[in-house]
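Below you'll find the structure, written out as structure tokens, and then a few comments.
There are 2 protein chains.
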Amino acid sequence: MNEDLKAYAHLFENELLEEISEVGLQKHVAEGEKLMEIGQYVTAMPLLISGAIKILREDKEGDELLLYFLEKGDTCAMTLSCCMGQTKSEIRAIAELDTELIMIPIQKMEEWTAKYKSWRNFVFESYHTRLMEMLDTIDSIAFLNMDERLLKYLSDKVKITKDNVINSTHQDIAYELHTSRVVISRLLKALENRGKIQLHRNKIEVLF
Amino acid sequence: MNEDLKAYAHLFENELLEEISEVGLQKHVAEGEKLMEIGQYVTAMPLLISGAIKILREDKEGDELLLYFLEKGDTCAMTLSCCMGQTKSEIRAIAELDTELIMIPIQKMEEWTAKYKSWRNFVFESYHTRLMEMLDTIDSIAFLNMDERLLKYLSDKVKITKDNVINSTHQDIAYELHTSRVVISRLLKALENRGKIQLHRNKIEVLF
DNA sequence: TATACTTTGTAACCTTTGTTACTGCAAAAG
DNA sequence: CTTTTGCAGTAACAAAGGTTACAAAGTATA
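If you read the protein sequences in the order shown, they are chains S and C.
For what it's worth, numbering that gives the first Met the number 0 labels the leading residue of the first sequence as 0, then goes sequentially.
For what it's worth, numbering that gives the first Met the number 0 labels the leading residue of the second sequence as 0, then goes sequentially.
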């Protein structure tokens with residue numbers, strides 16, 4: 000069995016783990032690399048081994064919005080979803096960190112869903128997690144002000160990267176929160192004055 | 000077989016339709032009646048026969064936000080999701096119209112998922128549809144101004160009720176879009192001036 | 001009919017967010 | 001070392017949306 004499948008060992012029965020080792024294609028994605036673009040067809044489903052992927056949405060003007068992150072043990076529910084109907088991707092996926100993943104050809108999806116109970120549970124669990132993440136995203140956009148969203152963004156980022164120094168420019172953050180650089184600079188400065196963060200060039204030190 | 004299951008006849012094999020007839024509990028919900036409250040445990044999964052259900056989210060201050068509508072042939076992906084983990088409902092469900100539905104005890108879920116391919120497809124399809132609806136909701140909140148959201152709200156409402164007269168007060172609409180009555184009155188008046196709608200007391204005639 | 005309540009219209013004002021413009025500074029490139 | 005480029009800070013202003021207050025009109029009820 001593939002060593003890197005350890006993360007999934009307690010989830011899947013051995014037979015399934017064997018199958019994954021056989022048909023899964025291991026892949027390394029460097030930080031910043033694009034895994035999936037909007038409108039692209041989905042041919043494989045990613046199982047995350049390590050690292051993190053950020054999932055973004057775009058409007059017709061090309062403005063971005065960060066939806067959520069995928070981490071070890073996650074899969075992309077959008078992919079699951081797209082496999083069924085041969086539909087195009089509705090989202091963009093970019094590696095937030097250097098990431099290891101196993102790509103499963105989508106043909107196996109249906110087969111395993113019939114064959115393995117653990118696979119079905121995994122798929123359902125993934126859908127559930129993703130729906131909850133989407134709800135959380137909606138809560139943030141609908142109910143929070145920009146300063147609260149920014150604070151949440153910073154703490155999410157620290158959690159994902161396990162590093163309380165965030166290597167982003169104000170413009171990067173503005174894109175992901177779908178606002179302007181000036182607004183982010185303003186709010187970051189206010190957070191610094193409140194002692195929550197320390198600003199540096201190209202990086203932000205989170206103190207909370 | 001239950002006559003009302005016709006909507007599902009082309010989706011499911013006969014054996015499954017029989018089972019649904021046996022264990023499913025038919026239920027009528029009057030317009031405005033609450034089907035599910037936030038924090039409540041989920042014990043059955045609804046299959047919509049006719050009518051429409053609106054799904055709402057609430058923040059900690061008690062402010063609401065309309066997420067999407069369920070219609071004939073839909074089921075509640077949140078319920079599916081909750082069945083697995085015995086978790087509480089994250090959403091509120093209220094009948095938008097008089098609605099007929101069949102309640103399936105959640106114990107059957109897992110059984111049917113293993114047994115019937117058509118059920119698996121239905122469940123996956125439901126998750127897919129719901130994720131897409133959530134994306135659409137996120138797009139609206141994140142990328143549209145309130146006047147555009149209002150226009151979309153009105154046209155969605157007309158589509159769901161199949162009636163171009165909407166029987167709502169401005170306050171009702173304000174709650175569902177998570178804004179204030181004054182803002183809605185203002186924007187509705189602007190829409191009326193642009194000839195898109197005709198305002199009356201307690202109802203809005205949609206002309207587009 | 002008189003009264004109370006609900007809904008709508010609207011003005012004035014405030015807060016939040018977005019935009020434009022310009023500055024200084026740090027890092028990279030030459 | 002100098003020049004160029006990109007990033008951050010900030011002021012001034014604009015726009016969208018939220019709040020308060022009050023009046024007018026419609027509806028229900030005593």
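Backbone N, C-alpha and C define an ideal beta-carbon position, used for all residues, glycine too.
Exercise for the section: Consult DSSP for S/Gln25 and reduce its assignment to one of helix, strand or coil. Expected result: strand
Handout entry: Member of S/Leu100, S/Ile19, S/Glu18 and S/Tyr152 whose CA lies at the smallest distance from the CA of S/Tyr174
Key = S/Tyr152
Exercise for the section: For S/Thr168, name the three-state secondary structure that DSSP assigns. Expected result: coil
Practice task
With 9 Å as the threshold, decide whether the Cβ of C/Lys87 is near any Cβ in chain S.
Solution key: no
Problem - Interfacial residues, the stretch 62-78 of chain S to chain C, with Cβ spacing under 8 Å - result: Asp62, Leu64, Leu66, Ala76 and Met77
Exercise for the section: For S/Leu55, decide whether its Cβ has a neighbour in chain C, counting only Cβ atoms nearer than 9 Å. Expected result: no
Exercise for the section: Drop a sphere of 10 angstroms on the beta-carbon of C/Ala51, count the other beta-carbons inside from all chains shown, and report buried for 16 or more, exposed for fewer. Expected result: buried
Handout entry: Positions along the stretch 116-127 of chain S whose CB lies within less than 7 Å of some CB in chain C
Key = Lys116, Arg119, Phe123, Glu124, Tyr126 and His127
Problem - Partner residues on chain S for C/Asp58, Cβ-Cβ distance less than 9 Å - result: Asp138, Ala141, Phe142 and Leu143
Problem - Segment contact flag, the stretch 124-132 of chain C with the stretch 90-102 of chain C, C-beta cutoff 8 Å, min 3 pairs - result: no
Exercise for the section: Anything in chain S within Cβ reach of C/Ser80, meaning under 7 Å, just list it in chain order. Expected result: Tyr126, His127 and Leu130
Practice task
Identify the contact partners of C/His9 in chain S, using a Cβ-Cβ distance below 7 Å as the criterion.
Solution key: Chain S residues near C/His9: none, gap ~17 Å exceeds 7 Å.
Practice task
Mind listing the chain S neighbours of C/Met133? Cutoff is C-beta to C-beta under 8 Å, in chain order.
Solution key: Leu130, Met133, Leu134 and Ile137
Exercise for the section: Counting only the same chain and skipping the five closest in sequence on each side, list residues whose C-beta sits under 6 Å from that of C/Glu63. Expected result: Leu55, Glu57 and Tyr174
Handout entry: Where C/Ala113 meets chain S, residues with beta-carbon distance less than 9 Å
Key = Ala113, Lys116 and Arg119
Exercise for the section: Please state whether DSSP places C/Phe207 in a helix, a strand or coil. Expected result: coil
Practice task
Select from the stretch 158-186 of chain S all residues with a C-beta closer than 8 Å to any C-beta belonging to chain C, and list them in chain order.
Solution key: His177
Problem - Chain-order list of residues whose beta-carbon lies under 6 Å from that of S/Lys156 (same chain, five-residue window excluded) - result: Ile165
Exercise for the section: Note the first and the last residue of the continuous alpha helix (DSSP H) segment covering C/Ile183. Expected result: Arg180 to Asn192
Problem - Beta-bridge pairing of S/His199 - partner residues as DSSP gives them - result: S/Lys202
Practice task
Determine the direct distance from the alpha carbon of C/Gln39 to that of S/Arg180, and round the result to whole angstroms.
Solution key: 42 Å
Problem - Same chain, Cβ closer than 7 Å to C/Ile48, five either side skipped, listed in chain order - result: Asp3, Ala6, Lys71, Glu99, Leu100 and Ile101
Problem - Inter-residue Cα distance where the pair is S/Thr136 and S/Leu66 - result: 6 Å
Exercise for the section: Check each candidate in S/Ile140, S/Thr74 and S/His27 and name the one with the smallest Cα separation from S/Met108. Expected result: S/Thr74
Exercise for the section: Rounded to whole angstroms, what's the CA-CA distance from C/Asn13 to S/Ser20? Just pull it up for me. Expected result: 38 Å
Exercise for the section: For the beta strand (DSSP E) containing C/Glu69, list its first residue and its last residue. Expected result: One detail in the question is off: residue 69 of chain C reads as Leu in this sequence, not Glu. From DSSP, the beta strand (DSSP E) with C/Leu69 extends over Glu63 to Leu69.
Practice task
Could you tell me the distance, in whole angstroms, from the CA atom of S/Met145 to the CA atom of C/Leu186?
Solution key: 24 Å
Handout entry: Coil, strand or helix - S/Leu46 by DSSP
Key = strand
Exercise for the section: Along the alpha helix (DSSP H) that carries S/Ile105, what are the first and last residues, could you check? Expected result: Ile105 to Lys114
Practice task
Verify the CB distance criterion: does C/Ile90 have a CB-CB separation below 9 Å to chain S?
Solution key: yes
Problem - Own chain, CB closer than 7 Å to C/Leu10, minus 5 neighbours either side, in chain order - result: Ser117 and Phe121
Practice task
Could you check the C-alpha separation between S/Val22 and S/Pro45 for me, to the nearest Å?
Solution key: 12 Å
Problem - Cβ-Cβ separation, S/Ile103 to S/Ala43 (assumed contact under 8 Å), whole Å - result: 6 Å
Practice task
Go through its chain and collect everything with a Cβ distance to S/Ala76's Cβ below 7 Å, but skip five positions before and after it.
Solution key: Ser125, Tyr126 and Arg129
Problem - Check whether S/Lys87 and S/Leu69 have beta carbons under 9 Å apart - result: no
Handout entry: Contact check, C/Lys195 vs C/Ser167, beta carbons under 9 Å
Key = no
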